[in-house]
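Notes follow once the structure below has been shown.
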Amino acid sequence: MPLFCKQCNERRYPQYSELDKGTLWLCNKCQNYTDSEDVIIREQTEQERADIQAKSEEFERTSNFPAEKLSRRKGVN
Ligand SMILES: [Zn+2]
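Residue numbers for the sequence shown, in UniProt numbering: 1 to 77.
See the structure below:
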């Protein structure tokens, strides 16, 4: 499994790709994808980078919500 990048030793993350009809492994540092054989398929596109950025921002918003609620409750008590 290509869990670590061959070039920079960073952790790779599995990403489902519509374009490639399968799961590819992304290195955030090198911004390229490998298949399950650890063969580099292609570079990450601008669009994919933007999508991932948007998704992580959305995740931060939703995961921050319960913490906000909790501190507000604390203030009332
Ligand atoms: Zn890398």
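Even for Gly, the Cβ is constructed at its ideal location relative to N, Cα and C.
With a threshold of 7 Å (Cβ to nearest heavy atom), would E57 be considered close to ligand 1?
Residue mapping note: residue 57 aligns to position 57 of the sequence shown, counting from 1. At a threshold of 7 Å, E57 does not count as near ligand 1, since its beta carbon sits no closer than that to any of the ligand's heavy atoms.
Could you say if the stretch 30-40 and the stretch 51-58 meet the contact criterion of at least three C-beta pairs nearer than 8 Å? In short, these stretches do not touch, since the Cβ pair count stays below three.
Query raised in the report: Whose C-beta lies closer than 7 Å to the C-beta of L3 among residues of the same chain, with five residues either side of it excluded?
Result: Residue mapping note: residue 3 aligns to position 3 of the sequence shown, counting from 1. Around L3: R11 and R12.
With a Cβ-Cβ cutoff of 8 Å, do Q44 and Q31 count as a contact?
The count along the sequence shown starts at 1 and reaches residue 44 at position 44. The count along the sequence shown starts at 1 and reaches residue 31 at position 31. In this structure, Q31 lies closer than 8 Å to Q44 by Cβ.
inquiry  = Could you tell me the alpha carbon to alpha carbon distance between K29 and E48, rounded to whole angstroms?
reply    = If you number the sequence shown from 1, residue 29 lands on position 29. If you number the sequence shown from 1, residue 48 lands on position 48. Between K29 and E48, the C-alpha separation is close to 14 Å.
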